[in-house]
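Residue numbers (UniProt numbering): 1 to 137.
Think of the CB as a built atom: it goes at the ideal place given N, C-alpha and C, for glycine as much as any other residue.
Scroll down for the structure; my scribbles are underneath it.
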């Protein structure tokens, strides 16, 4: 009598051989591709914007839109969250959204920030408005 519960035949018959069965790729959940630009969608479905903040500028302006981030000059000092609040206010103004719909998601003490848009809008609309703003400055 074999110990361990399973007999030699029962164990080998129940387990499929490696490489003989169907491909296992379908079992893995498909990860969404990383965004091709600074504007993307997070897991919850909210639109996010990668921002490179430049506090202490003379005036608020979108300086550039690159593959990595949107450069935004902020006319507020980088102390006590003043530049973060001004960044959210400025983005809400140029994106034509309510201030409460534009929140800082990550990067409270860094120049590299992630802004989350809580209203229902598409990444393409946001990117178009940001690019339009760079052309006017």
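For the set 80, 95, 73, 62, the Cα lying nearest the Cα of residue 116 is the one of 95. Along the segment 61 to 94, the beta strand (DSSP E) occurs as fully enclosed runs of 3 or more residues at 61 to 65, 70 to 74, listed in sequence order. The C-alpha of residue 123 is placed about 14 Å away from the C-alpha of residue 97.
Beta-bridge partners of residue 98 (DSSP): none assigned. Counting C-beta pairs with one atom in each stretch, the segment 37 to 47 and the segment 79 to 95 have fewer than three that are closer than 8 Å, which means they do not touch. With fewer than 16 other Cβ atoms from the protein chains shown falling within 10 Å of its own Cβ, residue 128 counts as exposed. Residue 51 sits buried, since 16 or more C-beta atoms from the chains shown fall within 10 Å of its C-beta.
The C-beta of residue 59 has fewer than 16 other C-beta atoms within 10 Å across all chains shown, which makes the residue exposed. No residue range can be given for residue 38, since it is assigned to no alpha helix (DSSP H) and is classified by DSSP as neither H nor E.
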